[in-house]
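The structure appears right after this line, and notes come after that.
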Amino acid sequence: MSVENGTVRQPAGDTVLVVDDEPQIVRALRINLAARGYRVVTAHDGSAALRAVAEVRPDVVVLDLGLPDMDGNEVIAGLRGWTSVPIIVLSARGDSSDKVRALDAGADDYVTKPFGMDELLARLRAAVRRSATSGQDEAGAVVETGSFTVDLVAKKVIRDGKEVHLTKTEWGVLELLVRNRGRLVAQKQLLHEVWGPAYDTESHYLRVYLAQLRRKLEREPSRPRHLLTEPGMGYRFEL
Numbered sequence: 001m002s003v004e005n006g007t008v009r010q011p012a013g014d015t016v017l018v019v020d021d022e023p024q025i026v027r028a029l030r031i032n033l034a035a036r037g038y039r040v041v042t043a044h045d046g047s048a049a050l051r052a053v054a055e056v057r058p059d060v061v062v063l064d065l066g067l068p069d070m071d072g073n074e075v076i077a078g079l080r081g082w083t084s085v086p087i088i089v090l091s092a093r094g095d096s097s098d099k100v101r102a103l104d105a106g107a108d109d110y111v112t113k114p115f116g117m118d119e120l121l122a123r124l125r126a127a128v129r130r131s132a133t134s135g136q137d138e139a140g141a142v143v144e145t146g147s148f149t150v151d152l153v154a155k156k157v158i159r160d161g162k163e164v165h166l167t168k169t170e171w172g173v174l175e176l177l178v179r180n181r182g183r184l185v186a187q188k189q190l191l192h193e194v195w196g197p198a199y200d201t202e203s204h205y206l207r208v209y210l211a212q213l214r215r216k217l218e219r220e221p222s223r224p225r226h227l228l229t230e231p232g233m234g235y236r237f238e239l
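No gaps in the numbering here: position 208 of the sequence shown is 208 in UniProt numbering, and each next residue is one more.
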């Protein structure tokens, strides 16, 4: 599958999400993977990658660490909050410390640029086989609390049997927190991913939108159980 300007083309085969901002790398991977029967989805930054995994549910992710909007390790951590999709890091960073950080964050494999296409394809096949054996955690895309249910794929929130209307920005904030459930999400990361790099210091936006989300979702908005504030640091989603 490829996604170009909102148009989706989908041949048969396992789906590979390629996350890289180097056009030459993306083109080479798309050609080689498609020739072997894979569907290919591409994303050129971390935010697009996080959205693509929730929407497309690929069988494996090939991820560069040096992305324009965030570090690839942040993408790995965000995905590991809710899915076990195999992640193969494809990076020019060859230091052992970089490999350790990526693997500790949740990557399944690490290939250093420049790379041999045959080796990458072999590692990709192995990752898909392991995933098929263990089973993807697709149920993790539906997150239930005692008060409401979040469906990350359908992009819906249900409370008391009814869908809760959220604005695009409210959904963006909630989705990022839910994907990282149980983990602190820094104010800067929330602002960067939901509003963009120019808003990294606009922390008052978060106070406004978290208050709106609590009014819509929490049983007691003044005493939230799920959308929690870590004063001076960020926010956390708890079941």
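All residues carry an ideal CB built from backbone N, CA and C; glycine is no exception. Owing to the predicted nature of the structure, the values given are computational and were not obtained by experimental measurement.
Under DSSP, THR15 forms a beta bridge with ARG39. The Cβ atoms of MET233 and LEU184 lie closer than 8 Å to each other.
In this structure GLY46 is buried. Its beta-carbon is surrounded by 16 or more other beta-carbon atoms within 10 angstroms. If you draw a straight line from the Cα of GLU55 to the Cα of ARG223, it comes to about 32 Å. Within the model, the alpha-carbon separation for ASP160 versus LYS113 is close to 50 Å.
The straight-line gap separating the alpha-carbon atoms of ALA126 and ALA28 is approximately 20 Å.
Of the residues ARG36, VAL62, ASP109, THR169, the one whose Cα lies closest to the Cα of ASP21 is VAL62. With 16 or more other Cβ atoms from the protein chains shown falling within 10 Å of its own Cβ, SER91 counts as buried. By the Cβ-count criterion, VAL85 is buried, with 16 or more other Cβ atoms from all chains shown falling within 10 Å of its own Cβ. Cβ-Cβ distances below 6 Å link ARG30 to VAL40 in the same chain, with the five nearest sequence neighbours on each side left out; the list follows chain order. Secondary structure note for TYR110: its beta strand (DSSP E) is the uninterrupted segment 109-112. Taking C-alpha positions only, ALA105 is separated from LYS216 by approximately 32 Å.
Only exposed fits HIS204, as fewer than 16 other CB atoms lie within 10 angstroms of its CB. In this structure the segment 185-199 touches the segment 64-76; the number of beta carbon pairs closer than 8 Å is three or more. Apart from sequence neighbours up to five positions away, the residues of its chain that approach ALA107 with a beta-carbon distance below 6 Å are ILE76, ILE87, VAL89, ordered along the chain.
Between the alpha carbons of LEU79 and HIS226 lies a distance of about 19 Å. Judged by DSSP secondary structure, ARG214 falls within the alpha helix (DSSP H) whose first and last residues are 203-217. For GLU144, there is no enclosing alpha helix (DSSP H); the enclosing beta strand (DSSP E) has its first and last residue at 142-144. The criterion of a C-beta distance shorter than 8 Å is satisfied by LEU152 and GLU175. Secondary structure within the segment 53-106: the beta strand (DSSP E) runs of 3 or more consecutive residues, fully enclosed, are 60-63, 87-91 (chain order). If the five residues before and after GLU218 are omitted, its C-beta is found closer than 7 Å to the C-beta atoms of SER147, PRO224, ARG225, HIS226, LEU227, all from its own chain and listed in chain order. For GLU238 and ALA49, the gap between their C-alpha atoms comes out near 24 Å. Counted as a single uninterrupted DSSP element, the alpha helix (DSSP H) harbouring LEU174 occupies residues 168-179.
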